[in-house]
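Everything in the sequence shown is counted per our numbering, starting at 1355 for the first residue and increasing by one.
Even for Gly, the Cβ is constructed at its ideal location relative to N, Cα and C.
Since the structure comes first, as structure tokens, the remarks are kept for the end.
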Amino acid sequence: MLNYYRLKISLIESHAVPISQLHRIIEISGNATFANLHELIFEAFDRREPCLYKFMLTRREATNRRILYQCNEEVICNHKNMISSLPEEERPVQHNAETFTLDEAAFQEKDFFYYWFDFIDDWIHRIKIERILQDKSPAAENPETWRGIILKKVGDSPAQY
1355 MLNYYRLKIS LIESHAVPIS QLHRIIEISG NATFANLHEL IFEAFDRREP
1405 CLYKFMLTRR EATNRRILYQ CNEEVICNHK NMISSLPEEE RPVQHNAETF
1455 TLDEAAFQEK DFFYYWFDFI DDWIHRIKIE RILQDKSPAA ENPETWRGII
1505 LKKVGDSPAQ Y
């Protein structure tokens, strides 16, 4: 059985646009890594230049930036500058985006998590798990590769710079 996550992605903070005017809906398989998810979001928002990124697994909606900063679980891109400088006992749990999968995150429907792309321009994306679908077909038993698709684009993508 293979899980598929239907995600609704919108922008918050300094780049916020009302969700009714700008969001993306994507579907991605549970065997996809967070690096794969990053690639799909990168494509969905028509990004051109790669930047560092991380995911903050809050599992609830963050009503302010403090909640994001206090998040105790992150998925980070594989880059030497991404290791936390906090003392070990204060560090969030950190997973490698190249290997950690959506299924391993053990999300539930209606959970939230956040994608922070480009730490200079601060593109912070709210991601809501709209649905978790299950593919019970024989082909889903041993999937060879991850799958992802952009189902819907509402609004024009803002310029990256």
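Residues that DSSP places opposite residue i in a beta bridge
{"i": "Asn1428", "result": "According to the sequence as given, residue 1428 is Glu; it is not Asn. In DSSP, Glu1428 forms a bridge with Met1410, Gln1448."}
{"i": "Ser1383", "result": "Tyr1358"}
{"i": "Val1508", "result": "His1377"}
{"i": "Thr1455", "result": "Thr1387"}
{"i": "Phe1466", "result": "Lys1482"}
From the options, residue whose alpha carbon lies closest to that of residue i
{"i": "Asn1385", "options": "Ala1513, Tyr1468, Trp1477, Ala1459", "result": "Ala1459"}
{"i": "Asn1357", "options": "Arg1480, Arg1501, Pro1512, Ala1513", "result": "Arg1501"}
{"i": "Asp1457", "options": "Arg1360, Ser1383, Pro1372", "result": "Ser1383"}
{"i": "His1392", "options": "Pro1512, Tyr1469, Ser1511, Lys1507", "result": "Tyr1469"}
{"i": "Phe1396", "options": "Ile1504, Gly1509, Ser1368", "result": "Ile1504"}
{"i": "Asn1390", "options": "Tyr1359, Gln1424, Leu1487, Ile1366", "result": "Tyr1359"}
{"i": "Val1371", "options": "Gly1509, Phe1473, Glu1443", "result": "Gly1509"}
{"i": "Glu1381", "options": "Ile1486, Pro1512, Asn1496", "result": "Ile1486"}
{"i": "Phe1473", "options": "Asn1496, Gln1514, Asp1400", "result": "Gln1514"}
For residue j and residue i, believed in contact at Cβ under 8 Å, the rounded distance
{"i": "Ala1451", "j": "Ile1478", "result": "Rounded, the Cβ-Cβ distance is 16 Å, inconsistent with contact."}
{"i": "Glu1484", "j": "Lys1362", "result": "5 Å"}
{"i": "Val1447", "j": "Asn1426", "result": "6 Å"}
{"i": "Arg1413", "j": "Asp1475", "result": "At roughly 26 Å, the Cβ-Cβ gap does not stay under 8 Å, so Arg1413 and Asp1475 are not in contact."}
{"i": "Ser1364", "j": "Arg1445", "result": "Rounded, the Cβ-Cβ distance is 28 Å, inconsistent with contact."}
{"i": "Ala1398", "j": "Lys1507", "result": "7 Å"}
{"i": "Phe1454", "j": "Thr1387", "result": "6 Å"}
{"i": "Leu1422", "j": "Phe1467", "result": "With 8 Å as the limit, Leu1422 and Phe1467 do not qualify as a contact, their Cβ atoms being about 10 Å apart."}
Endpoints, beta strand (DSSP E) assigned at residue i
{"i": "His1479", "result": "1477-1489"}
{"i": "Gln1474", "result": "Note that residue 1474 is Ile in the sequence shown, not Gln. Careful: Ile1474 lies outside any beta strand (DSSP E) and carries neither H nor E."}
Residue i - containing alpha helix (DSSP H), residue span
{"i": "Leu1376", "result": "Looking at the DSSP string, Leu1376 is not in any alpha helix (DSSP H), and its letter there is neither H nor E."}
{"i": "Leu1422", "result": "1419-1423"}
{"i": "Phe1310", "result": "The chain is shown from 1355 up to 1515; residue 1310 falls before or after that span and cannot be answered."}
* Could you tell me whether the stretch 1370-1377 touches the stretch 1416-1431, where touching means 3 or more Cβ pairs closer than 8 Å? => Judged by Cβ distances under 8 Å, the stretch 1370-1377 makes no contact with the stretch 1416-1431, as fewer than three pairs qualify.
* **Stretch-stretch touch, CB-based, cutoff 8 Å, three pairs: the stretch 1491-1499 with the stretch 1398-1410** => They do not touch, by the three-pair rule.
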